[in-house]
């Protein structure tokens with residue numbers, strides 16, 4: 228897949244993750260739209276997995292794809 232194609236597809240996929248997190252938290256930031264594996268570019272994956280990390284200032288909520296590539300995040 229060409230880089231531009233991976234970016235376009237990844238942008239759509241990551242935007243869905245961002246909007247899902249936005250609906251829950253009121254704010255979310257888009258992070259990665261593409262991933263590079265063995266020198267080739269791919270869009271981030273469709274499936275989303277969530278992680279919550281406790282920090283001194285609160286929490287960080289992230290949505291990642293099946294490979295652990297971050298698609299969206301929110302600091303609380």
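Residue numbers (my numbering): 228 to 303.
Positions of the beta carbon are idealized from the N, C-alpha and C atoms, including for glycine.
Assuming residue 298 and residue 241 form a contact by the criterion Cβ under 8 Å, report the distance between their Cβ atoms to the nearest whole angstrom.
Locating residue 298 in the chain shown gives position 71, where the first residue counts as 1. Locating residue 241 in the chain shown gives position 14, where the first residue counts as 1. Yes, residue 298 and residue 241 are in contact; Cβ-Cβ is about 4 Å, under 8 Å.
Report the residue from 289, 275, 295 whose alpha carbon sits nearest the alpha carbon of residue 302.
On the chain shown, residue 302 is found 75 positions in, with the first residue counted as 1. Comparing alpha carbon positions, the residue from 289, 275, 295 closest to residue 302 is 289.
Using beta-carbon positions only, say whether residue 280 and residue 287 come within less than 8 Å of one another.
Taking the first residue of the chain shown as position 1, residue 280 is located at position 53. Taking the first residue of the chain shown as position 1, residue 287 is located at position 60. Their beta carbons are under 8 Å apart, which means residue 280 touches residue 287 by this criterion.
Spatial neighbours of residue 252 within its chain, please: C-beta separation below 6 Å, excluding the five flanking residues on both sides.
By one-based count along the chain shown, residue 252 stands at place 25. Taken in chain order, the residues that qualify are 301.
Residue 290 in three-state terms, based on DSSP:
Counting from 1 along the chain shown, the entry for residue 290 is found at position 63. In the structure shown, residue 290 sits in a strand (DSSP, three-state: E or B).
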